[in-house]
Structure formats: C-alpha cells, structure tokens
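**Q** Using this note's numbering, you'd call the opening residue of the sequence shown number 23 and step up by one each time.
Where a beta carbon is used, it is the ideal one built from N, C-alpha and C, also for glycine.
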Amino acid sequence: MSVRICNIQKTYNSKRVLDIENYHFKENYIYVIRGKNGEGKSTLLNIIAGIEKPDYGEVLYDFKTDCLRYDISMMLQKPYLFNTTVYENIIMGLKYRKINKNEIDKRLKRYCSYFKMGELMNKNAKKLSGGESQRVALLRSAILESKLMLLDEPTSSMDYENTLMAEKLILDMKNKGSTIIMVTHDMSQAKRIGDKIILLEDGRINYD
Ligand SMILES: Nc1ncnc2c1ncn2[C@@H]1O[C@H](COP(=O)(O)OP(=O)(O)OP(=O)(O)O)[C@@H](O)[C@H]1O
Numbered sequence: 023m024s025v026r027i028c029n030i031q032k033t034y035n036s037k038r039v040l041d042i043e044n045y046h047f048k049e050n051y052i053y054v055i056r057g058k059n060g061e062g063k064s065t066l067l068n069i070i071a072g073i074e075k076p077d078y079g080e081v082l083y084d085f086k087t088d089c090l091r092y093d094i095s096m097m098l099q100k101p102y103l104f105n106t107t108v109y110e111n112i113i114m115g116l117k118y119r120k121i122n123k124n125e126i127d128k129r130l131k132r133y134c135s136y137f138k139m140g141e142l143m144n145k146n147a148k149k150l151s152g153g154e155s156q157r158v159a160l161l162r163s164a165i166l167e168s169k170l171m172l173l174d175e176p177t178s179s180m181d182y183e184n185t186l187m188a189e190k191l192i193l194d195m196k197n198k199g200s201t202i203i204m205v206t207h208d209m210s211q212a213k214r215i216g217d218k219i220i221l222l223e224d225g226r227i228n229y230d
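#1: Any idea which residues DSSP pairs residue 32 with across the strands?
#2: Report the residue from 147, 32, 29 and 56 whose alpha carbon sits nearest the alpha carbon of residue 107.
#3: Anyone know if the C-beta pair for residue 97 and residue 173 falls short of 9 Å?
#4: Looking at residue 69: is its Cβ nearer than 9 Å to the Cβ of residue 32?
#5: Please tell me whether, using a cut-off of 8 Å, the distance from the CB of residue 54 to the nearest non-hydrogen atom of ligand 1 is below it.
#6: When you compare the CB positions of residue 89 and residue 171, do they come within less than 9 Å of one another, or not?
#7: CB-CB under 7 Å to residue 193, same chain, minus the five flanking residues each way: which ones, in chain order?
#8: Determine whether the beta carbon atoms of residue 45 and residue 220 lie at a separation below 9 Å.
#9: Is the beta carbon of residue 66 less than 9 Å from the beta carbon of residue 26?
#10: Mind listing, in chain order, the continuous alpha helix (DSSP H) runs of no fewer than 4 residues lying wholly within the segment 140 to 227?
#11: Provide the residue span of the alpha helix (DSSP H) that contains residue 129, from first to last.
#12: Express the C-alpha separation of residue 78 and residue 203 in angstroms, rounding to a whole number.
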C-alpha cells in the first residue's frame, strides 16, 4: 500500500511539530525515519496509523482518504501488551479477525521461528523484559501480514542477535509485499535495511 502525506500540520502547545507539504511513501519499500528526540517521528507514524488526527491536511492510502483498519498494523514505541500469555498476545489480532485455527497455527510457526520463543510462549506478557516485549510486539504485528506496517523503534531494547533476526523478519515482510515505515535511531540499521532513509527535522522531511 502506498501512503501520501498531503499538507500535514500538527501543533502541540503552540509548538509546530509537523509541517510536511507533500511526501509519497511508495508501495513495497522500507522507509526508515530518523531524527533527533522530539522531532515528531512518533507523531507522524501515529497520524499515518490514524491514532492521531493532524490539525490540517490529510493522508491518502493507495490514493484514497480511507483504508481498511486491517490493512495497517502498528508497533508502538512502548508496546502495550495484554495481561495474558505471550501466545495469546501474539495471536490476539488474528482471532479478532476471525482467522481460522489452521491458519493461525501456520503463521505462528512461520513467524515465531525468527526468534527463540520456546519458553516465553506461556509466560505472562506483563512480566517480560524490554527486549522480550519488543519481540512479542513485533511478532504480533508481523503475524497480521498487513499491507502497511508502522514500526516505532522496534528493536531499541533488543540485543544484537535479536535485532538482526528482527531485521530479517522486516525484510521478509517487504518481500511478501508489505510497505514498511519504521523509526530508528540506529544509523547502521537504517543502512542495512532501509530502501529510503529520511530525516525528520524542524517538522519537515529531508533526505539523509
Ligand atoms: N499528546 C501530546 N501532547 C502534547 N505534546 C505532545 C504529544 N505527543 C507528542 N508531543 C510533543 O511533540 C513533540 C514530538 O514528539 P514525538 O514523540 O513525535 O517525537 P519523536 O521524534 O518520536 O521523539 P523520540 O525520538 O524521543 O521518540 C515532542 O516535543 C513531544 O513532547
């Protein structure tokens, strides 16, 4: 799915956080957004996800103002996990979408194989470490196989080995057809997996 930003403005407490005239995120690319703290990266992802509304302007999905909620999955910077097992957290979205048990099992097997999940699956998701929580949140997002994946610093708490596996997963999602827009502060990661690296600065999108 492609995403076009059209004249988006967003102000918080009289501070202009975003002021983007026009930007087109092409279908089936990995976009990496970088920028200093507080430059509006999460705000931009939240607006694309429809979690927040811009003060002005609009977002087009495949050139339309609307899209199916199911076409977008979002991994928040601070993932919210539910007070139940890791297993339930990962498959929750699929159950909600009424995906049948066979397909759920197939996807679980496929996606959980990226990480060493074994002993984690029955643990309460509220009791996980930061890196473990990010693994669960990334799997919960990937398993939906959405057309658009929005990932806000998905590996910021992961160790190097898990980070590389997460990157492999993200690349595979692209190869399956998803468009990925992710935020990272890790320049090496941006170079490893980004098709396009963009810099958010003074509310505007620039290229690195
Ligand atoms: N709901 C809100 N109410 C008021 N101010 C907000 C709100 N959300 C974000 N802001 C402010 O908007 C600015 C941009 O925040 P945002 O979280 O988008 O930045 P960021 O680039 O993702 O930062 P970081 O790299 O630290 O995660 C910050 O100054 C933040 O304090």
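**A** Judging by the given coordinates:
#1: Bridge partners of residue 32: 40.
#2: Nearest option by C-alpha distance: 147.
#3: Between residue 97 and residue 173, the gap from beta carbon to beta carbon is short of 9 Å.
#4: Contact flag set, yes.
#5: Not so, every heavy atom of ligand 1 lies at least 8 Å from the Cβ.
#6: Contact flag unset, no.
#7: The answer, listed in chain order, is 215.
#8: With contacts defined as CB atoms closer than 9 Å, residue 45 and residue 220 qualify as a contacting pair.
#9: No, they are not a contact pair.
#10: If we require 4 residues or more, the alpha helix (DSSP H) runs fully inside the segment 140 to 227 come out as 152 to 164, 182 to 197 and 209 to 215.
#11: It spans 123 to 134 - the alpha helix (DSSP H) in which residue 129 sits, taken as one unbroken run.
#12: Taking the Cα positions, residue 203 is about 21 Å away from residue 78.
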